[in-house]
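> All residue numbers for the sequence shown refer to full-length UniProt numbering, where the first residue is 1 and numbers rise by one.
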Amino acid sequence: MIAVDHVGIAVPDLDAAVTWYAEHLGMVETHREVNEDQGVHEAMLALPAAGDDSTALQLLAPLNAASTIAKFLDRNGPGMQQLAYRVTDVEAVSAYLRDRGLRLLFDKPGNGTAGSRVNFVHPKDAGGVLIELVEPAANPTH
Numbered sequence: 001m002i003a004v005d006h007v008g009i010a011v012p013d014l015d016a017a018v019t020w021y022a023e024h025l026g027m028v029e030t031h032r033e034v035n036e037d038q039g040v041h042e043a044m045l046a047l048p049a050a051g052d053d054s055t056a057l058q059l060l061a062p063l064n065a066a067s068t069i070a071k072f073l074d075r076n077g078p079g080m081q082q083l084a085y086r087v088t089d090v091e092a093v094s095a096y097l098r099d100r101g102l103r104l105l106f107d108k109p110g111n112g113t114a115g116s117r118v119n120f121v122h123p124k125d126a127g128g129v130l131i132e133l134v135e136p137a138a139n140p141t142h
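(1) Assign I9 to one of three DSSP states: helix, strand, or coil.
(2) Given this structure, state the Cα-to-Cα distance separating L97 from N111, to the nearest angstrom.
(3) Cα separation between L14 and R100?
(4) Straight-line CA distance for Y79 to V18?
(5) Is N76 helix, strand or coil by DSSP?
(6) Got a sec? Which residues, its chain only, sit under 6 Å from R32 by beta carbon, not counting five neighbours each side?
(7) Alpha carbon to alpha carbon, what distance is there between E132 and A66?
(8) Per DSSP, what are the beta-bridge partners of N64 in this structure?
(9) Nearest CA to the CA of R86: which residue from P48, P123, K71 and A138?
(10) Measuring CA to CA, which of T113, V90, A114 and G115 is closest to F106?
(11) Is DSSP giving L97 helix, strand or coil here?
(12) Going by CA-CA distance only, name the one from G8, V34 and L45 that's closest to L25.
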């Protein structure tokens, strides 16, 4: 693992959350997209003076009531949903963790933000925290 890539926050209203983080914490939106595979509308935010490889904040709003984020919001309300680590090879890290008895949510990496490849460690195997493994695309846009 290279670094903490981002912290994911579940929110019911993406635009309102982006505005709050901009007005109160001075964060700027660096990327926005809809991820149909994960059922989310998401925005990546950063602090203005942060470098390209700095840890980002990811805001996640549900696309529909059946999405994982909608279910998370129903159970927990808004708040931290995941901690994501940047990796160079998501398949190798996934295999390494499986060999040590950890459960991952996908058999093969899924589609993540800005063309990244992702997998997740089950929270029951990680102290209650959903851990995301992120292999960035060759030219990430966040």
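The C-beta atom is built at its ideal place from N, Cα and C for all residues, glycine as well.
No experiment lies behind these values; they were computed from the predicted model shown.
Taking the geometry as given:
(1) strand
(2) 19 Å
(3) 37 Å
(4) Position check: residue 79 holds Gly in this sequence, whereas Tyr was assumed. Taking the straight line joining both Cα atoms gives about 14 Å.
(5) helix
(6) A43
(7) 20 Å
(8) According to DSSP, N64 bridges with nothing at all.
(9) A138
(10) V90
(11) helix
(12) L45
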